[in-house]
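Numbering (the working numbering), first residue to last: 3 to 289. Presented below is the structure to which this report refers.
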């Protein structure tokens, strides 16, 4: 898989920082590269330590939604640097944990950082989440933590997750979910961006999938809805942290689309035009 096919500028920036010995960047994003969750957002401190705890907590919220337990086999699709697998490895025993990513550079980082413990077994696989390289009924749980908007086809991912899940298994994910009436405006903006051949700092991302689209897709594939949880308010301190972290560490925001894109996401989130949601689905036990 080539770098052009992956096209995730924010991961390029993070990986360059790691290579250059940027300790602040390593501390902030060396484990998790996703938003944070604060039970009480008014107590957020905008420190690296606070953000790291919040990012860890978001992972907990998502795998709790999937009813993860000791002894299960679990696939983390779009596993990043292995933070979710690391958290599961530290909190559960007798697990078979598989992290899948299309970017071999991220998998290399994960392999270096995460060491199996508690009688767990960990595997790292380079592959496409829409063409999962696993047999039918391979996993008790499938997770997709803040990455599904990068996948080329949510429908194909749902069908693949359904296929590799054992009967009774759960899929849990987090996503930016727009209000239905707001979707055409997002689609228009994305069309303009693509016409300019500009994928933006966060890469090509499809955030045009409303909750009713998820409900329809789940029904079509055969999933039963388990959780639809709006945690927008709990994630809002992420935006202040990202902007202040960039300013404190001397990043030239004027040379990056990151500033404008982060402000835009913050605005539509604070206006509840786009919600940050945890969604979980169960594959029926009997079919």
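Backbone N, C-alpha and C define an ideal beta-carbon position, used for all residues, glycine too. Note that the structure is predicted; figures quoted are calculated from it, not measured.
- Under DSSP, the beta-bridge partners assigned to residue 128 are 103.
- CA-CA distance, residue 272 to residue 278, rounds to 11 Å.
- In the same chain as residue 166, and ignoring 5 residues on each side of it, the C-beta atoms closer than 8 Å to its own belong to 77, 134, 136, 137, 138, 139, 140, 141 and 144, in chain order.
- Of 209, 152, 162 and 131, the smallest CA-CA separation from residue 182 is found for 209.
- Taken through DSSP and simplified to helix, strand or coil, residue 140 comes out as coil.
- Of the candidates 233, 270 and 284, the residue whose Cα lies closest to the Cα of residue 37 is 233.
- In the same chain as residue 27, and ignoring 5 residues on each side of it, the C-beta atoms closer than 8 Å to its own belong to 16, 19, 20 and 251, in chain order.
- Within the region 153-240, the runs of beta strand (DSSP E) at least 3 residues long that lie entirely inside it are, in chain order, 167-180 and 226-232.
- With respect to the 8 Å criterion, residue 116 and residue 73 are not classified as neighbours on the basis of their beta carbons.
- Counting C-beta atoms within 10 angstroms of its own C-beta, residue 105 has 16 or more neighbours from the protein chains shown and is therefore classed as buried.
- Where residue 267 is concerned, the enclosing alpha helix (DSSP H) starts and stops at 260-272.
- The alpha-carbon of residue 14 is positioned some 10 Å away from that of residue 204.
- Taken through DSSP and simplified to helix, strand or coil, residue 276 comes out as strand.
- For residue 75, there is no enclosing alpha helix (DSSP H); the residue is found in the beta strand (DSSP E) stretching over 75-79.
- Excluding its 5 nearest sequence neighbours in each direction, residue 71 has C-beta neighbours in its own chain below 8 Å: 94, listed in chain order.
- Nearest neighbour of residue 264 by Cα position, chosen from 285, 238 and 286, turns out to be 238.
- Assigned with DSSP and collapsed to three states, residue 283 falls in strand.
- If you draw a straight line from the Cα of residue 155 to the Cα of residue 90, it is about 27 Å long.
- Between residue 54 and residue 30, the C-beta spacing is below 8 Å.
- Counting along the chain, the unbroken alpha helix (DSSP H) around residue 29 starts and ends at 25-31.
- Around the beta carbon of residue 32, 16 or more other beta carbons lie within 10 angstroms, which makes this residue buried.
- Residue state for residue 86 is assigned as helix, using DSSP reduced to three classes.
- For residue 55, the enclosing alpha helix (DSSP H) starts and ends at 50-67.
- Here residue 150 has 156, 159, 175 and 177 as same chain residues with Cβ atoms under 7 Å from its own Cβ, once five neighbours each way along the sequence are excluded.
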